[in-house]
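Trainee: Have a look at the structure that comes next, please.
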Amino acid sequence: MDSQGRKVVVCDNGTGFVKCGYAGSNFPEHIFPALVGRPIIRSTTKVGNIEIKDLMVGDEASELRSMLEVNYPMENGIVRNWDDMKHLWDYTFGPEKLNIDTRSCKILLTEPPMNPTKNREKIVEVMFETYQFSGVYVAIQAVLTLYAQGLLTGVVVDSGDGVTHICPVYEGFSLPHLTRRLDIAGRDITRYLIKLLLLRGYAFNHSADFETVRMIKEKLCYVGYNIEQEQKLALETTVLVESYTLPDGRIIKVGGERFEAPEALFQPHLINVEGVGVAELLFNTIQAADIDTRYCRQHFQVTYKTWMASETAQQLRVFAVCLEDLSSTPSTHVRSSQSCVCNSQCWPLWEPAVMHTGLMCRHTHLDVV
Numbered sequence: 008m009d010s011q012g013r014k015v016v017v018c019d020n021g022t023g024f025v026k027c028g029y030a031g032s033n034f035p036e037h038i039f040p041a042l043v044g045r046p047i048i049r050s051t052t053k054v055g056n057i058e059i060k061d062l063m064v065g066d067e068a069s070e071l072r073s074m075l076e077v078n079y080p081m082e083n084g085i086v087r088n089w090d091d092m093k094h095l096w097d098y099t100f101g102p103e104k105l106n107i108d109t110r111s112c113k114i115l116l117t118e119p120p121m122n123p124t125k126n127r128e129k130i131v132e133v134m135f136e137t138y139q140f141s142g143v144y145v146a147i148q149a150v151l152t153l154y155a156q157g158l159l160t161g162v163v164v165d166s167g168d169g170v171t172h173i174c175p176v177y178e179g180f181s182l183p184h185l186t187r188r189l190d191i192a193g194r195d196i197t198r199y200l201i202k203l204l205l206l207r208g209y210a211f212n213h214s215a216d217f218e219t220v221r222m223i224k225e226k227l228c229y230v231g232y233n234i235e236q237e238q239k240l241a242l243e244t245t246v247l248v249e250s251y252t253l254p255d256g257r258i259i260k261v262g263g264e265r266f267e268a269p270e271a272l273f274q275p276h277l278i279n280v281e282g283v284g285v286a287e288l289l290f291n292t293i294q295a296a297d298i299d300t301r302y303c304r305q306h307f308q309v310t311y312k313t314w315m316a317s318e319t320a321q322q323l324r325v326f327a328v329c330l331e332d333l334s335s336t337p338s339t340h341v342r343s344s345q346s347c348v349c350n351s352q353c354w355p356l357w358e359p360a361v362m363h364t365g366l367m368c369r370h371t372h373l374d375v376v
């Protein structure tokens, strides 16, 4: 609470998931999918303990996604459907989740770097005028990710569900003129995996199937360190083949698609996107920095937040190693750069976001930043 006894709420609105809770807590109170669903056919009014309503949000929509037309309010880190986004916030602040009186609270929100100013202005407008929060703070996700590692200077590769950013940070301040944006992230990998599975003979055409394929990606996909070796294993052996049970009970086999889908992050042409991959973009970003900034320490320390919510940290380490290997050049300064992977895959922004709320607690006059 701040000096006037008001609660400070932390809400990390990701393209794929919403993480929300209170200042001072070590973990989010709630994590749920950022989706809104509407019934396709009203054939029944209840499934299990869940009542089918005209509008389903978050966990409820995810559980009944096979019966719903599913929509995502955010795309590439930007709100595309404000009506559905308000439904998502109603669900977040209402009795289903936080159950708070927004008029007696302040809120910290997060957003990716390089987001349009109009998007931020509209978010703040809704928070003040619709929900009547007493204070609003909008923080850049990349800076918070670096804070999570106890660092003030570094290069953050922040790849979430909707967008990938490479954001240099110097002494706690992001450098907008060096920030690079790549509109390829977890959601694009999921779409590419759907295409690859179609070539294998598995069709996922319904909007609800997207969530199913996302779960397949999170459980089975990984970043291959040596693509040629992985392709040879996929063609000549069955060592990479894994089974996955779909919600309807069917069992599918997934092989080379496990490493082929994430490769789009390094080779955008695979999904018909012009431009360089994340590794080359990382190297170009570091090289574009001023010489004094680039060598202000022995090296830039690189922090990674991955889009792949995998079951093991090994996949995250491979992602970091791939970036180091692919971005290596004759420059010893780049080759010697160290990488660090966020330990928390589900809420890497949470701890620094909570620390940031201390600013809101101490400054009662703070309205919006």
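Each residue of the sequence shown is one higher than the one before, counting from 8 in the working numbering. Every residue, glycine too, gets a C-beta built ideally from N, C-alpha and C. Small disclaimer: the values here were computed from a predicted structure and weren't measured.
Helix, strand or coil, according to DSSP, for Ile298 in the structure here?
Mentor: Counted from its first residue, the sequence shown places residue 298 at position 291. The answer is helix: DSSP assigns Ile298 an H, G or I state.
Trainee: Distance, Cα to Cα, His300 vs Ile293?
Mentor: Within the sequence shown, residue 300 is the residue found at index 293, counting from 1. Within the sequence shown, residue 293 is the residue found at index 286, counting from 1. The question names His, but residue 300 in the sequence shown is Thr. Looking at the two C-alpha atoms, the distance is approximately 10 Å.
Trainee: Please classify Pro275 as buried or exposed, where buried requires at least 16 neighbouring CB atoms within 10 angstroms.
Mentor: Position 268 of the sequence shown, counting from 1, holds the residue named residue 275. Result: buried.
Trainee: By alpha-carbon positions, which one of Leu42, Gly28, Tyr199 ends up nearest to Asn106?
Mentor: For the purposes of this step, residue 106 is identified with residue 99 of the sequence shown, where counting begins at 1. Out of Leu42, Gly28, Tyr199, Gly28 has the C-alpha closest to the C-alpha of Asn106.
Trainee: Would you check if there are 3 or more beta carbon pairs closer than 8 Å linking the stretch 33-48 to the stretch 90-109?
Mentor: Yes: at least three Cβ pairs fall under 8 Å.
Trainee: Quick one: which unbroken beta strand (DSSP E) runs of 3-plus residues sit fully inside the stretch 69-154? Chain order, please.
Mentor: Taking only runs of at least 3 residues, the beta strand (DSSP E) segments lying wholly in the stretch 69-154 are 75-78, 112-118, 142-147.
Trainee: In three-state DSSP terms, what is Tyr29?
Mentor: The sequence position of residue 29 within the sequence shown is 22, counting from 1. Strand at Tyr29.
Trainee: Could you tell me whether the stretch 209-225 touches the stretch 137-156, using the rule of 3 or more Cβ pairs below 8 Å?
Mentor: Output reads no: the stretch 137-156 does not touch the stretch 209-225.
Trainee: So is Gly157 buried or exposed if we call it buried at 16+ other beta carbons inside 10 Å?
Mentor: Translated into the one-based positions of the sequence shown, residue 157 becomes position 150. The residue in question, Gly157, is exposed, as its Cβ has fewer than 16 Cβ neighbours within 10 Å.
Trainee: Using 8 Å as the threshold, is the stretch 163-182 in touch with the stretch 191-201, meaning 3 or more CB pairs across them?
Mentor: Result yes; three or more Cβ-Cβ pairs closer than 8 Å.
Trainee: Starting from Val220, trace the alpha helix (DSSP H) in both directions and tell me its first and last residue.
Mentor: Reading the sequence shown from its first residue, position 213 is the one you call residue 220. It spans 216-227 - the alpha helix (DSSP H) in which Val220 sits, taken as one unbroken run.
Trainee: CB-CB under 8 Å to Gln238, same chain, minus the five flanking residues each way: which ones, in chain order?
Mentor: In the sequence shown, residue 238 corresponds to position 231, counting from 1. Same-chain partners within the cutoff: Gly263.
Trainee: Taking three-plus beta-carbon pairs below 8 Å as touching, is the stretch 222-241 in contact with the stretch 82-96?
Mentor: The stretch 222-241, when compared against the stretch 82-96, does not touch it at the 8 Å Cβ threshold.
Trainee: Is the beta carbon of Phe140 sitting closer than 8 Å to the one on Ile173?
Mentor: In the sequence shown, counting from the first residue as 1, residue 140 sits at position 133. In the sequence shown, counting from the first residue as 1, residue 173 sits at position 166. No, these two residues do not count as a Cβ contact at 8 Å.
Trainee: So which of Thr219, Ile278, Lys226, Leu200 has the shortest CA-CA distance to Gly256?
Mentor: In the sequence shown, counting from the first residue as 1, residue 256 sits at position 249. Taking only the C-alpha atoms, the option nearest Gly256 is Thr219.
Trainee: How many whole angstroms separate the CB atoms of Gly65 and Phe39, which I take to be in contact at a CB cut-off of 8 Å?
Mentor: Working through the sequence shown from its first residue, we reach residue 65 at position 58. Working through the sequence shown from its first residue, we reach residue 39 at position 32. Confirmed, about 4 Å.
Trainee: Return the CA-CA distance between Pro102 and Gly84, expressed in angstroms with no decimal places.
Mentor: Residue mapping note: residue 102 aligns to position 95 of the sequence shown, counting from 1. Residue mapping note: residue 84 aligns to position 77 of the sequence shown, counting from 1. Approximately 26 Å between the Cα atoms of the pair.
Trainee: Among the candidates Val86, Gly161, Leu185, whose CA atom is the shortest distance from the CA of Asn126?
Mentor: Translated into positions along the sequence shown, residue 126 becomes position 119. When each option's Cα is compared against that of Asn126, the closest is Val86.
Trainee: By Cβ distance below 7 Å, which residues in the same chain neighbour Leu185 in space, the five residues on each side in sequence not counted?
Mentor: The count along the sequence shown starts at 1 and reaches residue 185 at position 178. Counting only Cβ-Cβ distances below 7 Å, and skipping sequence neighbours, we find Pro175, Thr292, Ala295, Ala296.
Trainee: Along the beta strand (DSSP E) that carries Asp195, what are the first and last residues, could you check?
Mentor: Translated into the one-based positions of the sequence shown, residue 195 becomes position 188. That residue, Asp195, is in no beta strand (DSSP E); its alpha helix (DSSP H) goes 193-207.
Trainee: Going by other Cβ atoms of all chains shown within 10 Å of its Cβ, with 16 needed for buried, is Asn279 buried or exposed?
Mentor: Position 272 of the sequence shown holds residue 279. Burial call: exposed.
Trainee: What would DSSP say about Leu185, mapped onto helix, strand or coil?
Mentor: Position 178 of the sequence shown, counted from the start, is the residue given in the question as residue 185. It is coil, neither helix nor strand.
Trainee: From what residue to what residue does the alpha helix (DSSP H) around Glu235 run?
Mentor: Against the sequence shown, residue 235 aligns to sequence position 228. Where Glu235 is concerned, the enclosing alpha helix (DSSP H) stretches over 234-243.
Trainee: Contact check, Ser181 vs Ile147 under 8 Å by CB: the rounded distance?
Mentor: For the purposes of this step, residue 181 is identified with residue 174 of the sequence shown, where counting begins at 1. For the purposes of this step, residue 147 is identified with residue 140 of the sequence shown, where counting begins at 1. Correct: roughly 6 Å between the Cβ atoms.
Trainee: Which complete beta strand (DSSP E) runs does the stretch 240-294 hold, if anything under 3 residues is left out?
Mentor: Runs of the beta strand (DSSP E) inside the stretch 240-294: 249-252, 258-261.
Trainee: Below 7 Å CB to CB, which residues in the same chain sit around Gly284 once its five sequence neighbours on both sides are set aside?
Mentor: The count along the sequence shown starts at 1 and reaches residue 284 at position 277. So the qualifying residues of the chain are Leu272, Phe273, Gln274, Pro275.
Trainee: Using CA coordinates, which residue listed in Glu118, Gly142, Ser69 is at the minimum distance from Ser111?
Mentor: Locating residue 111 in the sequence shown gives position 104, where the first residue counts as 1. For Ser111, the nearest C-alpha among the options comes from Gly142.
Trainee: Going by CA-CA distance only, name the one from Arg72, Leu116, Ile259 that's closest to Asn20.
Mentor: By 1-based counting over the sequence shown, the position of residue 20 is 13. When each option's Cα is compared against that of Asn20, the closest is Leu116.
Trainee: In the DSSP output, which residue or residues are listed as bridge partners for Lys14?
Mentor: Locating residue 14 in the sequence shown gives position 7, where the first residue counts as 1. For Lys14, which the question treats as bridged, DSSP gives the partners Cys112.
Trainee: For Pro254, does the count of other Cβ atoms within 10 angstroms reach 16, so buried, or fall short, so exposed?
Mentor: As a working mapping, residue 254 is identified with position 247 in the sequence shown. So Pro254 ends up on the exposed side.
Trainee: Between which residues of its own chain and Ile47 is the CB-CB distance below 7 Å, once the five residues before and five after are set aside?
Mentor: One-based indexing of the sequence shown puts residue 47 at position 40. Only Met74, Leu75, Glu76 meet the Cβ criterion.
Trainee: Just the Cα atoms here: how many angstroms apart are Gln236 and Glu128?
Mentor: Residue numbering aside, residue 236 sits at position 229 when the sequence shown is read from its first letter. Residue numbering aside, residue 128 sits at position 121 when the sequence shown is read from its first letter. Distance between the alpha carbons of Gln236 and Glu128 is about 49 Å.
Trainee: Nearest-angstrom Cα distance between Val17 and Ala30?
Mentor: Locating residue 17 in the sequence shown gives position 10, where the first residue counts as 1. Locating residue 30 in the sequence shown gives position 23, where the first residue counts as 1. Going by the C-alpha atoms only, they are around 6 Å apart.
Trainee: Looking at the strands, I want to know which residues DSSP matches up with Gly157.
Mentor: For the purposes of this step, residue 157 is identified with residue 150 of the sequence shown, where counting begins at 1. Paired residue(s): none; Gly157 is not in a bridge.
Trainee: Please classify Gly44: does DSSP put it in a helix, a strand, or coil?
Mentor: In the sequence shown, counting from the first residue as 1, residue 44 sits at position 37. Gly44 falls in the strand class under three-state DSSP.
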